[in-house]
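Beneath this line is the structure, given in structure tokens, with notes to follow.
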Amino acid sequence: MTQRIIYPTDDGGVAIIVPAGAIEDCMKDIPEGKPYKIIDTADVPTDRTFRDAWEYA
Amino acid sequence: MGKAKNLSQLVRPIEYDSTTNITTIKSGASDTTAVTIDASQNATLAGTLTVPGAISASGGVVGAVTGNASTATALSTASGSAPSYSARAWVNFNGTGTVAINASGNVSSITDNGVGNYTVNFTTALPDANYAVVGSINNNNSSCGFTPTALATGTTRIVTTTVNPTTSYVDFSIVTVSIFR
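Chain order of the listed sequences is R and A. Position one of the first sequence corresponds to residue 5 (our numbering), numbered consecutively onward. Position one of the second sequence corresponds to residue 273 (our numbering), numbered consecutively onward.
What follows is the structure, given as structure tokens:
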């Protein structure tokens, strides 16, 4: 659970999948056709003040 | 009338130890122990117990019980006659800072869609989307809310909000979601 999956949302933001167990078990939770990246949890900002302004890059 | 078995076939599969008071019932050509009954009348079955009818356990059931989930419709009740139903999925997560799942059941992940906006993803989908969502947030301000917004068989989306002075999405450090069907 030290990794996260990110993908772009339809409104230009970014969604972050937080796995309950192994990262492999939640690959199904990525919307079909969306590009995605697997990143370290430490790379996700902890300050969520501007969370809705985050973008997928 | 079937053909009578000889005495060795009838006696050999059952063994009784008068010292330990343990009885074993054996099966198969190799005399594998199928059932062991100890001095306290506890029986241990080596294989699988198949019961076509109902099971009555007035003394309670200890340990895990597995069954045919596709036909099991309700749990027996501890008291009264109203049926009881268990949660089909549940999760407790922290929606602040580094969003993380504290514990869960039948949940593969949650998706952080933004401030106060999450999707709960089920490991095994529910039979339909007509389930009940129960949730809570760790805030005793009555101006805060928990709302399921989109129910599907594989996911459910929830938002956590404050409504004072205006309705807006807010993160909370403890968010719980339970799904009943």
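Just so it is clear, CB atoms sit at the ideal spot from N, CA and C, and this is done for glycine as well.
Nearest to residue i (by Cα), restricted to the options the options
{"i": "asparagine 411/A", "options": "Gly319/A, Asn314/A, Ala354/A, Asn366/A", "result": "Asn366/A"}
{"i": "tyrosine 288/A", "options": "Asp310/A, Gly300/A, Ile430/A, Ser302/A", "result": "Asp310/A"}
{"i": "serine 376/A", "options": "Gly388/A, Val392/A, Gly386/A, Thr438/A", "result": "Val392/A"}
{"i": "threonine 50/R", "options": "Val387/A, Cys416/A, Thr320/A, Ala404/A", "result": "Val387/A"}
{"i": "glycine 300/A", "options": "Trp362/A, Ala422/A, Ile286/A", "result": "Ile286/A"}
{"i": "phenylalanine 452/A", "options": "Thr434/A, Val405/A, Val323/A", "result": "Val405/A"}
{"i": "glycine 407/A", "options": "Pro420/A, Leu317/A, Ala401/A, Asp400/A", "result": "Pro420/A"}
{"i": "phenylalanine 54/R", "options": "Gly17/R, Ile27/R, Ile9/R", "result": "Gly17/R"}
{"i": "asparagine 389/A", "options": "Ile446/A, Ile409/A, Gly325/A, Val431/A", "result": "Val431/A"}
Residue i, DSSP secondary structure in three states
{"i": "isoleucine 430/A", "result": "strand"}
{"i": "lysine 41/R", "result": "strand"}
{"i": "aspartate 289/A", "result": "strand"}
{"i": "serine 342/A", "result": "Confidence is the limiting factor: at serine 342/A the pLDDT is only 49, short of 50, which leaves the residue's position unreliable and the question unanswerable from this model."}
{"i": "alanine 404/A", "result": "strand"}
{"i": "alanine 46/R", "result": "helix"}
{"i": "alanine 361/A", "result": "strand"}
Alpha-carbon to alpha-carbon, residue j and residue i
{"i": "aspartate 384/A", "j": "serine 353/A", "result": "41 Å"}
{"i": "isoleucine 382/A", "j": "proline 39/R", "result": "18 Å"}
{"i": "serine 290/A", "j": "aspartate 303/A", "result": "20 Å"}
{"i": "leucine 321/A", "j": "leucine 398/A", "result": "28 Å"}
{"i": "isoleucine 373/A", "j": "alanine 24/R", "result": "6 Å"}
{"i": "serine 356/A", "j": "valine 449/A", "result": "18 Å"}
{"i": "valine 435/A", "j": "proline 35/R", "result": "31 Å"}
{"i": "alanine 21/R", "j": "threonine 438/A", "result": "One point to set straight first is that residue 21/R is isoleucine, not alanine, in the sequence displayed. In a straight line, the C-alpha of isoleucine 21/R is about 28 Å away from that of threonine 438/A."}
{"i": "threonine 428/A", "j": "alanine 422/A", "result": "6 Å"}
{"i": "alanine 46/R", "j": "glycine 37/R", "result": "26 Å"}
{"i": "isoleucine 43/R", "j": "arginine 360/A", "result": "30 Å"}
{"i": "serine 380/A", "j": "cysteine 30/R", "result": "5 Å"}
{"i": "serine 312/A", "j": "alanine 318/A", "result": "18 Å"}
{"i": "glycine 369/A", "j": "aspartate 14/R", "result": "24 Å"}
{"i": "arginine 8/R", "j": "tyrosine 60/R", "result": "13 Å"}
{"i": "valine 442/A", "j": "serine 351/A", "result": "40 Å"}
{"i": "serine 342/A", "j": "alanine 57/R", "result": "Its pLDDT being 49, under 50, serine 342/A is placed unreliably by the model, and nothing is read from it."}
{"i": "threonine 296/A", "j": "threonine 308/A", "result": "4 Å"}
{"i": "serine 415/A", "j": "valine 447/A", "result": "16 Å"}
{"i": "threonine 316/A", "j": "isoleucine 27/R", "result": "39 Å"}
Other residues of its chain near residue i: CB distance less than 6 Å, five sequence neighbours each side excluded
{"i": "glycine 426/A", "result": "Phe394, Ala397"}
{"i": "tryptophan 362/A", "result": "Gly377, Ser450"}
{"i": "threonine 6/R", "result": "Thr45"}
Close-in-space but distant-in-sequence residues of the same chain around residue i (CB under 8 Å, 5 per side omitted)
{"i": "lysine 298/A", "result": "Arg284, Pro285, Ile286, Glu287, Thr304, Thr305, Ala306"}
Cβ neighbours of residue i in the same chain (closer than 7 Å, five flanking residues each side left out)
{"i": "alanine 424/A", "result": "Ala401"}
Heavy atom of the ligand ADP within 6 Å of residue i beta-carbon
{"i": "asparagine 393/A", "result": "The ligand ADP is not among the ligands present in this structure, which contains no ligands whatsoever."}
Review point. Between the stretch 365 to 377 of chain A and chain R, which residues of the former have CB atoms less than 8 Å from a CB of the latter, in chain order?
Key: Phe365, Thr368, Gly369, Thr370, Val371, Ala372, Ile373, Ser376
Exercise for review: Below 8 Å between beta carbons is the criterion; list the residues of the stretch 21 to 49 of chain R that meet it against any residue of chain A, in chain order.
Suggested key: Ile21, Val22, Pro23, Ala24, Gly25, Asp29, Cys30, Lys32, Asp33, Thr45, Val48
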